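Right, one structure below, let's go through it.
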């Protein structure tokens, strides 16, 4: 069974925080070079300094880039390949999340999610996978979500983008498996990152601590599963169980279960809309998370 060349040049998008920065830490002992890409240069430099101090021989390359800008993305990839070399492993981690009822959300936020979670991820894959196929070795780890295997009210566009990632990745895996390229996807449940801090402007039901896992736990599971060429990596015993049970439960029962949650979330968001602060700003309260 083929393995991803984790001893090569690894590009991690959305590397400035959360799962992305933890993936960099977990891969630092294996990689020839780590390319950290995100918008927030200061955070990337801090992470690079940490990695270099722990592994002085590791080549850590920082590249700031807004993946919503196609010309900037092209320029970034050209610079990386010119100064570091061909990319052996692509980890598509950058993404946006939003917690909002769809009819109360802004189109701008939906468009940004579509552009980053779907278009940017697909474009990077299209740019880099052909070179991997030509060289006969490579790896792609797409960071999807447990929502890519399920659905949940309050996340309509986000869930839709992650279902795209799941379907796209499954097909891509089959298409390049015979060419020495490993393609896997990470489908985590709740992870303790910035998402919950910045993904909505109204109070949403809080999950118990035992439901979520740390970004470090998620990254460790991701690397272990990717190394073993697993098609779908679901970190955490509880999430594995939940995913299995959801897959076995008829859809009409899930709809019955999720219906009351949708009603409660609508009430909470509309109440937030009626607050003077929201009306003054002319904004629709919703949480949006920039995970890159």
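Numbering (our numbering), first residue to last: 136 to 427.
Every residue gets a Cβ at the ideal spot worked out from N, C-alpha and C, and that includes glycine.
Everything numeric in this text was worked out from a predicted model, so none of it was measured.
For residue i, the residue or residues it bridges with in DSSP
i: residue 172; result: 148 and 198
i: residue 443; result: A query on residue 443 cannot be resolved here, the shown segment of the chain reaching from 136 to 427 and no further.
Rounded separation between residue i and residue j - CA only
i: residue 321; j: residue 357; result: 6 Å
i: residue 201; j: residue 392; result: 39 Å
i: residue 249; j: residue 299; result: 10 Å
i: residue 212; j: residue 206; result: 10 Å
i: residue 158; j: residue 282; result: 21 Å
i: residue 407; j: residue 246; result: 23 Å
i: residue 196; j: residue 293; result: 30 Å
i: residue 325; j: residue 310; result: 30 Å
i: residue 401; j: residue 169; result: 43 Å
i: residue 367; j: residue 166; result: 22 Å
i: residue 304; j: residue 410; result: 42 Å
i: residue 186; j: residue 179; result: 11 Å
i: residue 404; j: residue 384; result: 29 Å
i: residue 161; j: residue 350; result: 11 Å
i: residue 174; j: residue 306; result: 29 Å
i: residue 198; j: residue 150; result: 10 Å
i: residue 259; j: residue 265; result: 11 Å
i: residue 257; j: residue 163; result: 26 Å
Counted within 10 angstroms of its Cβ, other Cβ atoms place residue i as buried (16 or more) or exposed
i: residue 255; result: buried
i: residue 147; result: buried
Cβ separation of residue i and residue j, assumed to be a contact under 8 Å, to the nearest whole Å
i: residue 328; j: residue 143; result: The Cβ separation is near 27 Å, so there is no contact.
i: residue 232; j: residue 272; result: Not confirmed; about 33 Å, so no contact.
i: residue 139; j: residue 274; result: 3 Å
i: residue 319; j: residue 276; result: 5 Å
i: residue 209; j: residue 145; result: The Cβ separation is near 20 Å, so there is no contact.
Continuous alpha helix (DSSP H) assignments of at least 4 residues falling wholly in the segment 236-315: 242-248, 256-270 and 291-311
Entirely enclosed alpha helix (DSSP H) segments - the segment 316-400, minimum 4 residues: 330-333, 350-362 and 372-383
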